[in-house]
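K.L.:
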Amino acid sequence: KAGVTQTPRYLIKTRGQQVTLSCSPISGHRSVSWYQQTPGQGLQFLFEYFSETQRNKGNFPGRFSGRQFSNSRSEMNVSTLELGDSALYLCASRFRQGGGTEAFFGQGTRLTVV
Amino acid sequence: AQTVTQSQPEMSVQEAETVTLSCTYDTSESDYYLFWYKQPPSRQMILVIRQEAYKQQNATENRFSVNFQKAAKSFSLKISDSQLGDAAMYFCAYLLQGAQKLVFGQGTRLTINP
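Those protein sequences? They're chains X and U, same order as listed.
In terms of my numbering, the first sequence has 369 at position 64, counting the first letter as 1, and numbering is strictly consecutive.
In terms of my numbering, the second sequence has 125 at position 113, counting the first letter as 1, and numbering is strictly consecutive.
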């Protein structure tokens, strides 16, 4: 069974640009969550999608958005990039919401904003 | 809001010895889950062990075990017979029952000395 796949693995963008990151969950998993990891703030929850609907959102500005497709693949978009958006973005998939089901993580996308 | 605290930014242990990583959390809820995740240099978060709050028995997975003290809100991870492959960042995480958001501690970097 293939794991969670995130593309691209690395990205370098310029301030003011926008970026789209992709996450393909484990087959059969319908819940996809996104996390931002930085040395200063640690791991912070961005949002979660389940059945193509955003179910929960973290405390991030509106520049951060996402969506989920009918095949459960998810994309995350960041517009008007700032230097502080440089981070490792991790995606996690779960079979279903709630119940403490295990979250399986991808290897992340390392975004560098210059 | 729930918080997770890992008071040891770094730990080191000799190969084959035992090490304990500390984690405390703050919540007013009674039904939740606790996890330890490992993040090696490959950056992929890997679940090490999980504990349901309603279970009094401490979880065990091979060389990994936890000491869950619900009243004290403490959740430590014990690694026995440490191996070089155990070297990684370890994150303690909390998940409220029915919620989608994992709340992570700041992590403990574990070094294994040969």
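For glycine and all other residues, C-beta sits at the position ideal for the given N, C-alpha and C.
Please read all numbers here as calculations on a predicted model, not as lab measurements.
1. With a cut-off of 8 Å, does the C-beta of Ser370(X) fall near any C-beta of chain U?
2. Beta-carbon separation of Phe76(U) and Leu96(U) under 8 Å?
3. Alpha carbon to alpha carbon, what distance is there between Ala397(X) and Gly411(X)?
4. Can you tell me which of Asn376(X), Gly345(X), Ala408(X) and Gln341(X) puts its alpha carbon nearest to the alpha carbon of Lys362(X)?
5. Checking 8 Å against the spacing of the C-beta atoms, do Asn382(X) and Ser370(X) come in under that value?
6. Give me the DSSP bridge partner(s) of Asn361(X).
7. Beta-carbon of Gly413(X) versus every beta-carbon of chain U: anything under 8 Å?
8. Would you verify that the beta carbon of Leu59(U) is, or is not, closer than 8 Å to some beta carbon of chain X?
9. Taking Cβ-Cβ distances shorter than 9 Å, what residues in chain U pair up with Phe350(X)?
10. Going by C-alpha to C-alpha distance, which of Tyr106(U), Ala111(U) and Asn125(U) sits closest to Tyr49(U)?
11. So what does Cys35(U) bridge to, in DSSP terms?
12. List in chain order: all unbroken alpha helix (DSSP H) runs of 4+ residues lying wholly within the region 366-412 of chain X.
13. Just to check my reading of the structure: Phe400(X) and Gly333(X) have Cβ atoms closer than 8 Å, yes? What is that Cβ distance to the nearest angstrom?
P.N.:
Per the coordinate set shown:
1. no
2. no
3. 6 Å
4. Out of Asn376(X), Gly345(X), Ala408(X) and Gln341(X), Gln341(X) has the C-alpha closest to the C-alpha of Lys362(X).
5. yes
6. Glu353(X)
7. By this cut-off, Gly413(X) is an interface position.
8. yes
9. Gln112, Lys113, Leu114, Val115 and Phe116
10. Tyr106(U)
11. In the DSSP output, where bridge partners are listed per residue, Cys35(U) has none listed.
12. none
13. 7 Å
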